[in-house]
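See structure below.
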Amino acid sequence: MKVKFPILWGTLGLATAVFVALLLTGNIMWFSEDAPLQVIADMDNQFRVKPQTGSTLFADRKSNRDPIENTVPRDGHVYPFSMGDVDKAEAQFASGNPVKNSEFVLARGQNRFNTFCSPCHNYTAGGDGLVQKKGFGAQETMNLTRDVARGYTDGKLFHIISVGQNIMPAYGDRINEADRWAIVHYVRELQSKAAAKEGVSMPAQATPAVDTTQPANGGGK
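Quick note, our numbering runs 8 ahead of the 1-based positions in the sequence shown.
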């Protein structure tokens, strides 16, 4: 019988130690707003650049770094035209989109469009994305489903995505070449659907090369 007391006190002591340890590590700190004592930080506190903040590491204080001048990513290609070289780009890509259309390509184009283009152009390409709705746009975003955009050649669409236009930034350094062509295919699909609703025909050069009666999968809104 005498042996039970040391075991009892030992158990209580161990439980108390565990309780105190949990308090110190913050696992049961629901009643306090104070930061817990971090025995193991697990990289919670580290030197990193937070969104929408500058960096003191560089002289220009920009945290979003531009590509190093005169360099190309391992899987990248040099785009030879500047913003004003629309005619040259259209001549270069006169044969149309070099990427063969398919359900996978459309899905990829939708994914990239929703990621990079929808904030301004909206998921429907109607030009009424969140940037416009929130009043951040310096000028009206182009409706890519209207007649003038439907008449653009594939080369012109690819060129605009690559180097930008007006206040639209260039995406050639952010979206690889194949994905930019996939976006062109997906824009054609959106244009085709808009034209069908209006009861008009798409320009011959802008007609999608695959059946687009079913929406492409991927790229959730």
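The beta-carbon is built from N, C-alpha and C at its ideal position, and this holds for glycine as well.
State yes or no: is the C-beta of residue i within less than 8 Å of the C-beta of residue j?
i: Gly180; j: Tyr87; result: yes
i: Asn105; j: Val47; result: no
i: Arg182; j: Phe89; result: no
i: Arg158; j: Met210; result: yes
i: Ser170; j: Arg188; result: yes
i: His167; j: Ala212; result: no
i: Ala133; j: Leu65; result: no
i: Val139; j: Ala190; result: no
i: Gly117; j: Pro127; result: no
i: Val107; j: Ala204; result: no
Please list the terminal residues of the continuous alpha helix (DSSP H) segment that includes residue i.
i: Cys128; result: Ser126 to His129
i: Phe166; result: Asp162 to Val171
i: Ala99; result: Val94 to Gln100
i: Gly117; result: Glu111 to Arg120
i: Asp187; result: Glu185 to Glu206
Taking 6 Å as the limit between beta carbons, can you name the residues of its chain near residue i, skipping five residues before and five after?
i: Ser110; result: none
i: Gly135; result: His129, Thr149, Met150 and Asn151
Enumerate in chain order the residues of its own chain whose CB-to-CB distance from residue i is below 8 Å, with the five nearest sequence positions on each side excluded.
i: Asn72; result: none
i: Gln147; result: Asn174 and Ile175
Apart from the five residues on each side of it in sequence, which residues of its chain come closer than 7 Å, Cβ to Cβ, to residue i?
i: Val61; result: According to the sequence provided, residue 61 is Thr. The question's Val does not apply to it. These residues qualify, in order along the chain: Ser71.
i: Pro75; result: Asp181
Check your understanding: Is it a yes or a no for the stretch 160 to 172 touching the stretch 66 to 85, going by three-plus beta-carbon pairs under 8 Å?
Key -> no
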